[in-house]
Amino acid sequence: MKVYLVRHGEAASSNENPQRPLTHTGRKDTEKVAEFIGRLCLKVTAIEHSGKLRAQQTADILGASVELEEGVAKADGLTPNDDVEPWIRELSRAERDLMLVGHLPFLGRLASALLTGSQDPTIANFNPSTVLCLERTDEGAWYISWLLSPELLPST
Numbered sequence: 001m002k003v004y005l006v007r008h009g010e011a012a013s014s015n016e017n018p019q020r021p022l023t024h025t026g027r028k029d030t031e032k033v034a035e036f037i038g039r040l041c042l043k044v045t046a047i048e049h050s051g052k053l054r055a056q057q058t059a060d061i062l063g064a065s066v067e068l069e070e071g072v073a074k075a076d077g078l079t080p081n082d083d084v085e086p087w088i089r090e091l092s093r094a095e096r097d098l099m100l101v102g103h104l105p106f107l108g109r110l111a112s113a114l115l116t117g118s119q120d121p122t123i124a125n126f127n128p129s130t131v132l133c134l135e136r137t138d139e140g141a142w143y144i145s146w147l148l149s150p151e152l153l154p155s156t
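The opening position of the sequence shown corresponds to residue 1 in UniProt numbering, with each subsequent residue numbered one higher.
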């Protein structure tokens, strides 16, 4: 089982727009990551996002680049300060590959908790539009399969 943890793309400031949509850079960076991921031919059961506009836009862009069984949908428990424990329980028994699009500090705490059992250590630097792929072994342990951020990809 794989889970793809994705931080939303760069968003407008709340002073600019209270809805905080993706900026031009945020959209372009997410499209660049999506294009690369598209070449990997990923199959994902579902993409779930926090419901915040920037996460929804990121999820929609990525959803166009992967093979989806169930589509893109809002899910509870993915906002910045949500408790990671419900997702740890869900992911520990999940049999389907999921992509979760959310926010900091939630994503960092979830990745740390899955990998180390503690939410405290910083495991990955989730820049905007970063995707962290975690894979679960048959024994239930998690490991980092790969990490991709726009900075790692060539400019187009």
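Quick reminder that beta carbons are idealized off the backbone N, C-alpha and C, glycines included.
As the structure is a prediction and not an experimental result, all values here were calculated from the model.
May I ask you to list the residues that DSSP assigns as paired with residue i?
i: residue 90; result: Paired residues: none, contrary to the question.
i: residue 47; result: 72, 99
i: residue 11; result: 22
Looking at the unbroken alpha helix (DSSP H) that takes in residue i, where does it start and where does it end?
i: residue 109; result: 106-116
i: residue 27; result: 24-39
Report the CB separation of residue i from residue j in whole angstroms; it is logged as a contact under 8 Å.
i: residue 153; j: residue 126; result: About 16 Å; that fails the 8 Å criterion.
i: residue 119; j: residue 72; result: Their Cβ separation, rounded to whole angstroms, is 27 Å, which puts residue 119 and residue 72 out of contact at 8 Å.
Where do the N-terminal and C-terminal ends of the beta strand (DSSP E) with residue i fall, by residue?
i: residue 98; result: 98-102
i: residue 144; result: 142-148
i: residue 136; result: 131-136
i: residue 153; result: From DSSP, residue 153 is part of no beta strand (DSSP E); its letter is neither H nor E.
i: residue 5; result: 2-7
So, is the C-beta of residue i closer than 8 Å to a C-beta in chain C?
i: residue 91; result: The structure shown contains no chain C; it is built from a single protein chain.
Would residue i pass as a contact of residue j if the rule is Cβ separation under 8 Å?
i: residue 110; j: residue 142; result: no
i: residue 46; j: residue 67; result: no
i: residue 101; j: residue 34; result: no
i: residue 6; j: residue 98; result: no
i: residue 28; j: residue 51; result: no
i: residue 130; j: residue 148; result: yes
i: residue 23; j: residue 31; result: no
i: residue 91; j: residue 48; result: no
i: residue 57; j: residue 18; result: no
i: residue 89; j: residue 1; result: no
Runs of beta strand (DSSP E) lying entirely within the segment 49-92, each at least 3 residues, in chain order: 72-74
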